[in-house]
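Remarks on the structure that follows.
Protein chains: 2
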Amino acid sequence: MSSDASLPSADLPLGFQWGAVKAGIKVSGKLDLAVALAPGGANAAAMFTRNRVVAAPIIVGRKHLAATGGRVSAILVNSGNANCMTGEAGIEACIQTCVAAAEEFHCIFDEVFPSSTGIIGVPFPAEKIVAALPSTSDKIGPSAAHAELFASAILTTDTRMKVARAIVGIDATHPDYAGMEFRIFGVAKGAGMIHPQLAAAMPPHATMLVYLFTDLDATPAELEPLLALAAEGSFNSISIDGDTSTNDTVLLLASGASGVKLDATGSGRIGEAFANALGLVCNSLAHQIVDDGEGVTHLVNLHITGAATETDARRVAKAIAHSPLNKTAWSSGDPNWGRLLAAAGYSGVDFDPNTVTVWIGPHLVLANGLRVPEFDEAATHQTMLEREYTIRLDLGVGTAETKFLTCDLTAEYVAINADYSS
Amino acid sequence: MSSDASLPSADLPLGFQWGAVKAGIKVSGKLDLAVALAPGGANAAAMFTRNRVVAAPIIVGRKHLAATGGRVSAILVNSGNANCMTGEAGIEACIQTCVAAAEEFHCIFDEVFPSSTGIIGVPFPAEKIVAALPSTSDKIGPSAAHAELFASAILTTDTRMKVARAIVGIDATHPDYAGMEFRIFGVAKGAGMIHPQLAAAMPPHATMLVYLFTDLDATPAELEPLLALAAEGSFNSISIDGDTSTNDTVLLLASGASGVKLDATGSGRIGEAFANALGLVCNSLAHQIVDDGEGVTHLVNLHITGAATETDARRVAKAIAHSPLNKTAWSSGDPNWGRLLAAAGYSGVDFDPNTVTVWIGPHLVLANGLRVPEFDEAATHQTMLEREYTIRLDLGVGTAETKFLTCDLTAEYVAINADYSS
Numbered sequence: 001m002s003s004d005a006s007l008p009s010a011d012l013p014l015g016f017q018w019g020a021v022k023a024g025i026k027v028s029g030k031l032d033l034a035v036a037l038a039p040g041g042a043n044a045a046a047m048f049t050r051n052r053v054v055a056a057p058i059i060v061g062r063k064h065l066a067a068t069g070g071r072v073s074a075i076l077v078n079s080g081n082a083n084c085m086t087g088e089a090g091i092e093a094c095i096q097t098c099v100a101a102a103e104e105f106h107c108i109f110d111e112v113f114p115s116s117t118g119i120i121g122v123p124f125p126a127e128k129i130v131a132a133l134p135s136t137s138d139k140i141g142p143s144a145a146h147a148e149l150f151a152s153a154i155l156t157t158d159t160r161m162k163v164a165r166a167i168v169g170i171d172a173t174h175p176d177y178a179g180m181e182f183r184i185f186g187v188a189k190g191a192g193m194i195h196p197q198l199a200a201a202m203p204p205h206a207t208m209l210v211y212l213f214t215d216l217d218a219t220p221a222e223l224e225p226l227l228a229l230a231a232e233g234s235f236n237s238i239s240i241d242g243d244t245s246t247n248d249t250v251l252l253l254a255s256g257a258s259g260v261k262l263d264a265t266g267s268g269r270i271g272e273a274f275a276n277a278l279g280l281v282c283n284s285l286a287h288q289i290v291d292d293g294e295g296v297t298h299l300v301n302l303h304i305t306g307a308a309t310e311t312d313a314r315r316v317a318k319a320i321a322h323s324p325l326n327k328t329a330w331s332s333g334d335p336n337w338g339r340l341l342a343a344a345g346y347s348g349v350d351f352d353p354n355t356v357t358v359w360i361g362p363h364l365v366l367a368n369g370l371r372v373p374e375f376d377e378a379a380t381h382q383t384m385l386e387r388e389y390t391i392r393l394d395l396g397v398g399t400a401e402t403k404f405l406t407c408d409l410t411a412e413y414v415a416i417n418a419d420y421s422s
Numbered sequence: 001m002s003s004d005a006s007l008p009s010a011d012l013p014l015g016f017q018w019g020a021v022k023a024g025i026k027v028s029g030k031l032d033l034a035v036a037l038a039p040g041g042a043n044a045a046a047m048f049t050r051n052r053v054v055a056a057p058i059i060v061g062r063k064h065l066a067a068t069g070g071r072v073s074a075i076l077v078n079s080g081n082a083n084c085m086t087g088e089a090g091i092e093a094c095i096q097t098c099v100a101a102a103e104e105f106h107c108i109f110d111e112v113f114p115s116s117t118g119i120i121g122v123p124f125p126a127e128k129i130v131a132a133l134p135s136t137s138d139k140i141g142p143s144a145a146h147a148e149l150f151a152s153a154i155l156t157t158d159t160r161m162k163v164a165r166a167i168v169g170i171d172a173t174h175p176d177y178a179g180m181e182f183r184i185f186g187v188a189k190g191a192g193m194i195h196p197q198l199a200a201a202m203p204p205h206a207t208m209l210v211y212l213f214t215d216l217d218a219t220p221a222e223l224e225p226l227l228a229l230a231a232e233g234s235f236n237s238i239s240i241d242g243d244t245s246t247n248d249t250v251l252l253l254a255s256g257a258s259g260v261k262l263d264a265t266g267s268g269r270i271g272e273a274f275a276n277a278l279g280l281v282c283n284s285l286a287h288q289i290v291d292d293g294e295g296v297t298h299l300v301n302l303h304i305t306g307a308a309t310e311t312d313a314r315r316v317a318k319a320i321a322h323s324p325l326n327k328t329a330w331s332s333g334d335p336n337w338g339r340l341l342a343a344a345g346y347s348g349v350d351f352d353p354n355t356v357t358v359w360i361g362p363h364l365v366l367a368n369g370l371r372v373p374e375f376d377e378a379a380t381h382q383t384m385l386e387r388e389y390t391i392r393l394d395l396g397v398g399t400a401e402t403k404f405l406t407c408d409l410t411a412e413y414v415a416i417n418a419d420y421s422s
């Protein structure tokens with residue numbers, strides 16, 4: 001596992017190529033058209049935002065996955081324009097780019113998976129993408145440098161690219177694949193409008209885009225539950241501003257080029273190893289997304305324990321994670337546990353304030369609803385000056401728990417998002 | 001109706017006295033202990049926050065209202081300490097102040113209604129209140145100056161006091177009260193942590209405190225539904241930061257000193273006039289609370305129409321009102337309707353983006369899910385530079401609607417709330 005910017009090419013999954021060019025969609029003139037190819041095709045599983053307002057590429061992408069039964073040969077991602085709230089014309093424009101990509105990359109139209117990120121409601125410049133496609137040919141390849149082109153081109157307000165990878169070696173006792181390896185490579189973009197609420201086969205407009213590539217051999221039906229599980233503990237357990245984007249997309253492609261086949265049920269040794277590695281890659285990308293959140297100066301790991309149900313624990317975590325009063329307190333390292341309790345109190349979850357225990361980092365703050373005599377405010381403040389720390393809140397009700405990663409709210413976030421027509 | 005700082009004393013309801021002193025709870029040394037008396041007693045109705053975490057005075061106040069069947073002779077409000085998350089000791093401390101107030105003001109212990117606002121989780125200095133009570137005697141009276149003392153002492157981060165009043169004259173054709181008058185006077189505090197979710201007879205810790213005084217003659221049972229109705233359209237229809245406080249309280253007292261009696265059912269002419277006037281007073285106070293919100297530079301009236309149900313309309317309004325991306329866009333007057341649609345889209349309400357229409361002030365922005373050709377961005381930006389304007393979003397589903405008042409999110413809000421241990 002690593003998220004280094006410089007990737008050894010040997011660590012990348014086989015059966016994929018990446019690349020990017022400048023299509024002139026971004027006013028900045030930066031890379032804005034990214035392509036990933038699976039020349040032999042790949043099996044796919046996807047998750048989309050639960051937002052009721054859906055960008056055109058999501059509508060088209062879902063249709064394509066349905067039509068092919070989960071096969072993808074090319075991913076076409078543009079940044080700079082989300083192609084959302086663009087009506088029928090937006091869908092037509094998206095289809096136009098898929099047609100051109102199918103022609104350029106010699107694949108079936110339905111096997112092109114489109115994604116867009118950027119501003120909402122601005123007519124989609126399909127002609128720029130169509131015009132730029134031929135120039136991609138000498139920018140596409142299987143090397144780390146190519147993968148980095150892809151990772152760079154999908155960014156918008158991100159300050160750095162987000163990649164993670166895993167290599168799984170199969171031990172010598174395995175009857176079929178002893179000594180063989182398979183790989184996972186993940187690429188993400190995010191920054192603001194991050195509170196993904198992903199659901200399998202549901203509509204999106206994605207500001208969080210995640211592409212996961214593996215050379216494991218697995219069917220779409222096998223990939224789907226494994227992706228859902230990995231996303232639940234990672235992308236669905238983070239929040240920057242509580243705003244769920246209209247384009248969030250997570251796409252997992254399996255080329256099969258490693259020669260290693262997922263166990264039939266996905267529950268055997270290969271399945272377990274893949275699930276673990278996929279979870280690590282997703283967690284790393286989710287962490288990188290929050291870490292690069294707009295104006296973020298502190299990352300807070302909320303650990304809610306002692307809940308009656310996991311659903312309750314998540315409701316408390318989200319209420320705290322979305323509370324401006326808590327997020328601003330974190331920006332100055334203020335151990336304001338009253339605001340933690342107030343947010344838990346309006347989460348809708350039933351608990352007795354007199355059984356609540358709170359720790360900030362290693363410091364016990366509150367026990368049985370009262371500030372403990374040994375509470376060391378200065379030391380707690382010191383902990384909260386660190387870039388990342390954990391707040392644990394035990395409700396004292398049951399044994400269910402959850403973890404949720406979030407961040408502070410700073411004047412810098414306001415400045416970035418108040419920027420006229422950002 | 002007026003919210004002038006200088007109140008003609010003649011406009012205040014009869015049967016009440018107000019006052020305030022410095023008890024030394026606020027570090028600033030400002031007025032921090034407010035008292036309102038109903039020497040002949042008053043009938044009461046109250047609403048409290050839905051927060052699961054409840055301040056001590058809420059627990060005690062609810063118990064007192066239950067014990068007396070809704071009678072109040074004295075309101076005792078301190079600012080500077082919320083007496084919340086203070087355990088049994090906090091409840092004992094609150095009771096101690098009620099005992100002292102009952103003695104000082106010669107009333108029944110149960111008829112003292114306590115309120116606290118300020119920091120959470122700090123031991124409650126009952127002794128300061130008990131010590132200060134005797135000094136209130138020459139500060140209490142029925143004049144406008146006395147009422148202003150009360151209105152000032154309950155403030156915390158507010159920059160100005162919030163008062164509103166109404167005088168209802170009964171026309172010459174009324175069989176019993178021709179030519180008579182009754183009065184309503186309302187006082188509020190608020191600023192941050194404002195997203196009241198008030199419910200009758202439910203627990204609180206209140207950052208929004210509202211006291212309504214009328215000299216109408218009405219029973220607690222008559223007052224309750226009228227207060228609920230007025231609160232729903234005012235205090236329950238505003239949001240500054242989406243944080244629901246642990247102490248929100250709205251208390252309505254009726255002294256009966258006007259000699260005008262509410263119609264038995266509350267639905268006759270007097271009831272109607274009272275309901276209207278109470279609504280106006282509550283709306284004015286709610287508006288003043290948002291207008292004085294922490295760091296607020298723009299007030300936005302969200303008018304959601306065309307919804308299937310009022311509940312749907314309110315869900316959309318709240319999703320937009322709590323969206324940091326929308327709130328920051330408003331701070332710079334950015335007509336970013338994409339963010340409006342994105343928030344509506346994740347509200348959980350079912351609608352078709354292609355039937356949505358959006359107006360910002362008088363400007364049509366979006367029709368049938370598409371930006372209209374005549375959209376005038378510069379003029380819309382100009383409208384959004386005004387202190388207050390309306391955004392109307394029609395879902396195109398049904399005929400239900402709602403209005404919701406909210407505000408922008410500014411760097412100043414972050415600065416105020418990031419201030420260490422504010």
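Quick note, the sequences are listed as chains A and B, same order.
Heads up: the first sequence begins at 1 in the working numbering, then just goes up one per residue.
Heads up: the second sequence begins at 1 in the working numbering, then just goes up one per residue.
The C-beta atom is built at its ideal place from N, Cα and C for all residues, glycine as well.
Neighbour flag for residue i against chain B, beta carbons, 9 Å
{"i": "Ala201 of chain A", "result": "In this predicted model, Ala201 of chain A has a pLDDT of only 33, less than 50, meaning its place in the structure is not dependable; the value taken from the coordinates is given anyway. Taking Cβ atoms only, chain B never reaches closer than 9 Å to Ala201 of chain A, which makes this a no."}
{"i": "Trp18 of chain A", "result": "no"}
{"i": "Gly423 of chain A", "result": "This structure gives no information on residue 423 of chain A, because the portion of chain A shown stretches from 1 to 422."}
{"i": "Arg339 of chain A", "result": "yes"}
{"i": "Asp350 of chain A", "result": "yes"}
{"i": "Leu364 of chain A", "result": "no"}
{"i": "Thr357 of chain A", "result": "no"}
Enclosing alpha helix (DSSP H) for residue i [first to last residue]
{"i": "Tyr413 of chain A", "result": "411–418"}
{"i": "Thr383 of chain A", "result": "377–384"}
{"i": "Glu310 of chain B", "result": "310–321"}
{"i": "Thr68 of chain B", "result": "56–68"}
{"i": "Thr97 of chain B", "result": "87–104"}
Contacts around residue i, its chain only, beta-carbon distance under 8 Å, and the 5 residues preceding and following it disregarded
{"i": "Glu294 of chain B", "result": "Thr157, Ala191, Gly192, Ile240, Asp241, Glu412, Tyr413, Ile416, Asn417"}
{"i": "Trp337 of chain A", "result": "Val358, Ile360, Val365, Leu366, Arg371"}
CB contact check: residue i to chain A, cutoff 9 Å
{"i": "Phe48 of chain B", "result": "no"}
{"i": "Val27 of chain B", "result": "no"}
{"i": "Ser332 of chain B", "result": "yes"}
{"i": "Cys84 of chain B", "result": "yes"}
{"i": "Asp419 of chain B", "result": "yes"}
{"i": "Gly80 of chain B", "result": "no"}
{"i": "Ala221 of chain B", "result": "no"}
{"i": "Ser347 of chain B", "result": "yes"}
Enclosing beta strand (DSSP E) for residue i [first to last residue]
{"i": "His303 of chain B", "result": "299–307"}
{"i": "Val168 of chain A", "result": "162–169"}
{"i": "Ser79 of chain B", "result": "71–81"}
{"i": "Leu120 of chain A", "result": "According to the sequence as given, residue 120 of chain A is Ile; it is not Leu. Ile120 of chain A -> no beta strand (DSSP E), and no H or E assigned at all."}
{"i": "His363 of chain A", "result": "363–367"}
Separation of residue j from residue i, as counted between CA atoms
{"i": "Ser422 of chain A", "j": "Gly29 of chain A", "result": "With a pLDDT of 38 at Ser422 of chain A, under the threshold of 50, the predicted position of this residue should be treated as unreliable, and no value is reported."}
{"i": "Ala145 of chain A", "j": "Ser9 of chain A", "result": "8 Å"}
{"i": "Leu393 of chain B", "j": "Ala55 of chain A", "result": "19 Å"}
{"i": "Val72 of chain B", "j": "Val300 of chain A", "result": "45 Å"}
{"i": "Leu325 of chain A", "j": "Thr173 of chain A", "result": "55 Å"}
{"i": "Val250 of chain B", "j": "Ala275 of chain B", "result": "16 Å"}
{"i": "Ile320 of chain B", "j": "Glu232 of chain A", "result": "25 Å"}
Sequence-distant residues of its chain with Cβ nearer than 6 Å to residue i (five each side left out)
{"i": "Ala5 of chain B", "result": "In this prediction, Ala5 of chain B has a pLDDT of 46, which is less than 50 and means its spatial position is unreliable; what the coordinates show is noted afterwards. Contacts found: none."}
{"i": "Phe213 of chain B", "result": "Pro13, Phe16, Phe185, Leu253"}
{"i": "Ala126 of chain B", "result": "Ala93, Gln96, Thr97"}
Selection of the segment 55–70 of chain A by Cβ proximity to chain B, strictly under 7 Å: Correct list: empty, as no residue qualifies.
Where the segment 392–414 of chain A meets chain B: residues whose CB sits under 8 Å from a CB there: Listed in sequence order: Leu409, Thr410, Ala411, Tyr413, Val414.
Residues, ordered as in the chain, of the segment 115–139 of chain B that lie near chain A by beta-carbon distance below 9 Å: In summary, the residues of the segment 115–139 of chain B whose CB is separated from some CB of chain A by less than 9 Å are Ile119, Ile120, Gly121, Val122, Pro123, in the order they occur in the chain.
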